[in-house]
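Using our numbering, you'd call the opening residue of the sequence shown number 43 and step up by one each time.
Glycine is no exception: its CB is placed at the ideal position from the N, C-alpha and C atoms.
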Amino acid sequence: MKQHMPNKPNRWGYKMFLLAGGESGICYDFILYAGKSDKQEYGFCTNIVLDLCATVPRAINHKVYCDNYFTTIRLQVELKKLGIYTVGTVKPNRLTDLTMKNKKELSSEDRGAMDHRIAEVDGVTLCVTRWYDNNVVNCLSKLHDCEPLYPAERWSSQQKKTYTNCKTECYKNL
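1. Grouping DSSP H, G and I as helix and E and B as strand, with all else coil, what is GLU162?
2. Check this for me: beta carbons of PHE59 and TYR70, under 8 Å apart or not?
3. Quick check on ARG53: buried or exposed, where buried means 16 or more other Cβ atoms within 10 Å of its Cβ?
4. Just mark THR250 as buried or exposed, buried being the case when its beta carbon has 16 or more other beta carbons within 10 Å.
5. Any idea which residues DSSP pairs GLN45 with across the strands?
6. Hey, could you find the ends of the alpha helix (DSSP H) LYS81 is sitting in?
7. According to DSSP, is THR19 part of a helix, a strand, or is it coil?
8. According to DSSP, which residues form a beta bridge with ARG172?
9. What did DSSP end up calling PHE86 once you bin it into helix, strand or coil?
10. Closest by CA to ARG172, which one among ASN144, GLU162, LYS81?
11. In three-state DSSP terms, what is LEU256?
12. Any chance the stretch 147 to 154 sits against the stretch 116 to 128, with 3 or more Cβ pairs inside 8 Å?
Below, the structure written as C-alpha coordinates:
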(Lines of atoms letter the chains of each structure in order from A; the text may use other names.)
(Lines give C-alpha, C1' and ligand atoms only; values in the text may rest on other atoms or scores of the structure.)
Protein backbone atom coordinates (compact mmCIF):
# COMPACT_ATOMS: atom_id res chain seq x y z
CA MET A 43 0.00 0.00 0.00
CA LYS A 44 1.60 3.25 -1.10
CA GLN A 45 1.87 6.05 1.44
CA HIS A 46 2.10 9.80 0.91
CA MET A 47 5.22 11.22 2.61
CA PRO A 48 5.31 14.96 1.83
CA ASN A 49 8.82 15.57 3.22
CA LYS A 50 10.51 12.94 1.04
CA PRO A 51 11.97 13.53 -2.45
CA ASN A 52 9.70 10.78 -3.85
CA ARG A 53 6.46 11.65 -2.13
CA TRP A 54 4.64 8.41 -2.88
CA GLY A 55 6.15 5.12 -1.81
CA TYR A 56 6.19 2.24 0.60
CA LYS A 57 7.04 2.54 4.29
CA MET A 58 9.21 -0.31 5.44
CA PHE A 59 10.70 -0.87 8.88
CA LEU A 60 13.81 -3.03 8.97
CA LEU A 61 15.83 -4.97 11.54
CA ALA A 62 19.38 -5.28 10.21
CA GLY A 63 22.72 -6.53 11.51
CA GLY A 64 25.07 -3.79 12.68
CA GLU A 65 28.32 -4.99 11.13
CA SER A 66 26.99 -7.19 8.34
CA GLY A 67 24.00 -5.10 7.24
CA ILE A 68 22.03 -8.29 6.66
CA CYS A 69 18.25 -7.86 6.87
CA TYR A 70 16.91 -10.11 9.63
CA ASP A 71 13.30 -9.01 9.56
CA PHE A 72 11.12 -6.29 8.07
CA ILE A 73 7.61 -4.93 8.37
CA LEU A 74 5.78 -3.33 5.47
CA TYR A 75 3.55 -0.56 6.86
CA ALA A 76 -0.03 -1.05 5.69
CA GLY A 77 -1.89 1.58 7.68
CA LYS A 78 -3.02 2.05 11.23
CA SER A 79 -3.11 -1.06 13.40
CA ASP A 80 -5.72 -2.03 15.98
CA LYS A 81 -2.95 -3.04 18.40
CA GLN A 82 -1.95 0.16 20.24
CA GLU A 83 -0.66 -1.28 23.51
CA TYR A 84 2.47 0.89 23.81
CA GLY A 85 2.30 3.36 20.94
CA PHE A 86 3.29 3.17 17.30
CA CYS A 87 7.09 3.38 17.59
CA THR A 88 7.39 0.96 20.48
CA ASN A 89 5.07 -1.56 18.82
CA ILE A 90 7.11 -1.50 15.58
CA VAL A 91 10.38 -2.29 17.37
CA LEU A 92 8.76 -4.95 19.57
CA ASP A 93 7.27 -6.62 16.47
CA LEU A 94 10.66 -6.57 14.74
CA CYS A 95 12.37 -8.01 17.82
CA ALA A 96 9.85 -10.85 18.10
CA THR A 97 12.21 -13.01 16.00
CA VAL A 98 15.30 -12.19 18.11
CA PRO A 99 16.31 -15.00 20.52
CA ARG A 100 15.69 -14.09 24.15
CA ALA A 101 18.13 -13.61 27.05
CA ILE A 102 21.42 -14.02 25.17
CA ASN A 103 22.52 -10.38 25.37
CA HIS A 104 21.45 -9.14 21.96
CA LYS A 105 21.76 -5.38 21.47
CA VAL A 106 19.39 -3.10 19.57
CA TYR A 107 20.35 0.45 18.54
CA CYS A 108 17.57 2.90 17.63
CA ASP A 109 17.37 6.49 16.48
CA ASN A 110 15.29 9.12 18.24
CA TYR A 111 12.14 8.27 16.26
CA PHE A 112 11.86 4.86 17.94
CA THR A 113 13.57 5.23 21.32
CA THR A 114 11.22 5.51 24.29
CA ILE A 115 11.51 4.62 27.95
CA ARG A 116 8.71 2.05 27.57
CA LEU A 117 10.61 0.36 24.70
CA GLN A 118 13.73 0.06 26.85
CA VAL A 119 11.76 -1.52 29.69
CA GLU A 120 9.88 -3.99 27.49
CA LEU A 121 13.00 -5.12 25.62
CA LYS A 122 14.91 -5.57 28.89
CA LYS A 123 12.12 -7.86 30.09
CA LEU A 124 12.79 -9.92 26.94
CA GLY A 125 16.54 -9.99 27.65
CA ILE A 126 17.47 -7.54 24.87
CA TYR A 127 19.65 -4.50 25.62
CA THR A 128 18.80 -1.20 23.93
CA VAL A 129 20.65 2.05 23.25
CA GLY A 130 19.40 5.05 21.34
CA THR A 131 19.19 8.76 20.98
CA VAL A 132 15.93 10.05 22.39
CA LYS A 133 13.75 13.11 21.88
CA PRO A 134 13.75 15.50 24.88
CA ASN A 135 9.95 15.44 25.16
CA ARG A 136 10.14 11.71 25.96
CA LEU A 137 12.19 12.44 29.10
CA THR A 138 9.58 14.58 30.84
CA ASP A 139 9.90 13.04 34.32
CA LEU A 140 13.66 13.61 34.60
CA THR A 141 15.20 16.82 35.91
CA MET A 142 18.29 17.52 33.82
CA LYS A 143 20.21 20.57 32.65
CA ASN A 144 18.49 22.23 29.73
CA LYS A 145 20.07 23.33 26.45
CA LYS A 146 20.78 26.86 27.70
CA GLU A 147 22.62 25.62 30.81
CA LEU A 148 24.72 23.12 28.86
CA SER A 149 25.63 25.57 26.10
CA SER A 150 26.73 28.17 28.66
CA GLU A 151 29.25 25.72 30.15
CA ASP A 152 31.21 24.73 27.05
CA ARG A 153 31.11 22.34 24.15
CA GLY A 154 31.39 18.84 25.60
CA ALA A 155 29.36 19.62 28.73
CA MET A 156 27.34 16.68 29.97
CA ASP A 157 24.62 15.79 32.44
CA HIS A 158 23.43 12.30 33.29
CA ARG A 159 20.88 10.58 35.47
CA ILE A 160 20.09 7.04 36.52
CA ALA A 161 16.37 6.29 36.38
CA GLU A 162 14.50 3.22 37.50
CA VAL A 163 11.28 2.34 35.70
CA ASP A 164 9.35 -0.84 36.56
CA GLY A 165 12.45 -2.35 38.15
CA VAL A 166 14.68 -1.63 35.12
CA THR A 167 17.62 0.74 35.61
CA LEU A 168 18.24 3.15 32.71
CA CYS A 169 21.07 5.59 32.06
CA VAL A 170 20.01 8.91 30.57
CA THR A 171 22.75 11.21 29.28
CA ARG A 172 22.46 14.71 27.85
CA TRP A 173 25.60 15.89 26.05
CA TYR A 174 26.29 19.21 24.34
CA ASP A 175 28.35 19.10 21.14
CA ASN A 176 27.15 21.28 18.25
CA ASN A 177 23.69 20.79 19.70
CA VAL A 178 22.22 18.86 22.62
CA VAL A 179 22.13 15.07 22.14
CA ASN A 180 20.09 12.88 24.48
CA CYS A 181 20.95 9.21 24.90
CA LEU A 182 18.93 6.53 26.68
CA SER A 183 20.67 3.25 27.43
CA LYS A 184 20.06 -0.02 29.19
CA LEU A 185 23.32 -1.46 27.85
CA HIS A 186 25.81 1.18 29.03
CA ASP A 187 26.25 2.93 32.35
CA CYS A 188 26.80 6.67 32.77
CA GLU A 189 30.40 5.99 33.81
CA PRO A 190 33.22 5.71 32.75
CA LEU A 191 33.97 8.70 30.59
CA TYR A 192 36.38 8.39 27.70
CA PRO A 193 38.18 11.10 25.71
CA ALA A 194 36.75 12.11 22.35
CA GLU A 195 38.48 14.34 19.83
CA ARG A 196 36.20 16.93 18.27
CA TRP A 197 36.87 19.54 15.58
CA SER A 198 35.90 23.12 16.35
CA SER A 199 35.21 25.11 13.19
CA GLN A 200 35.16 28.36 15.18
CA GLN A 201 38.57 27.82 16.76
CA LYS A 202 39.93 25.88 13.72
CA LYS A 203 41.49 23.20 15.89
CA THR A 204 40.88 19.80 17.41
CA TYR A 205 40.16 19.62 21.11
CA THR A 206 39.45 16.78 23.52
CA ASN A 207 36.42 16.42 25.72
CA CYS A 208 34.74 13.48 27.40
CA LYS A 209 31.74 11.38 26.46
CA THR A 210 30.12 8.33 28.01
CA GLU A 211 30.25 4.84 26.55
CA CYS A 212 26.69 5.34 25.29
CA TYR A 213 27.76 7.79 22.56
CA LYS A 214 30.74 5.72 21.48
CA ASN A 215 28.54 3.15 19.75
CA LEU A 216 25.94 5.40 18.14
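Let me lay it out:
1. Mapped onto the sequence shown, residue 162 falls at position 120. In the structure shown, GLU162 sits in a strand (DSSP, three-state: E or B).
2. As a working mapping, residue 59 is identified with position 17 in the sequence shown. As a working mapping, residue 70 is identified with position 28 in the sequence shown. Not closer than 8 Å, so no.
3. Within the sequence shown, the letter at position 11 stands for residue 53. Per the 10 Å Cβ criterion, exposed.
4. With the chain covering 43 to 216 only, the question about residue 250 has no answer from this structure.
5. Along the sequence shown, read from residue 1 onward, the residue named residue 45 stands at position 3. GLN45 is bridged to GLY55.
6. Residue mapping note: residue 81 aligns to position 39 of the sequence shown, counting from 1. DSSP places LYS81 outside any alpha helix (DSSP H), giving it a letter other than H or E.
7. There is simply no residue 19 to check, as the chain begins at 43 and stops at 216 in what is shown.
8. In the sequence shown, residue 172 corresponds to position 130, counting from 1. According to DSSP, ARG172 bridges with ASP157, ASN180.
9. In the sequence shown, counting from the first residue as 1, residue 86 sits at position 44. If DSSP states are grouped into helix, strand and coil, PHE86 belongs with the helices.
10. Locating residue 172 in the sequence shown gives position 130, counting from the first residue. Looking at the Cα atoms, ASN144 is the closest of the given residues.
11. Here the chain has residues from 43 to 216 only, and residue 256 is not among them.
12. Contact fails between the stretch 147 to 154 and the stretch 116 to 128, because fewer than three Cβ pairs, one in each stretch, are under 8 Å apart.
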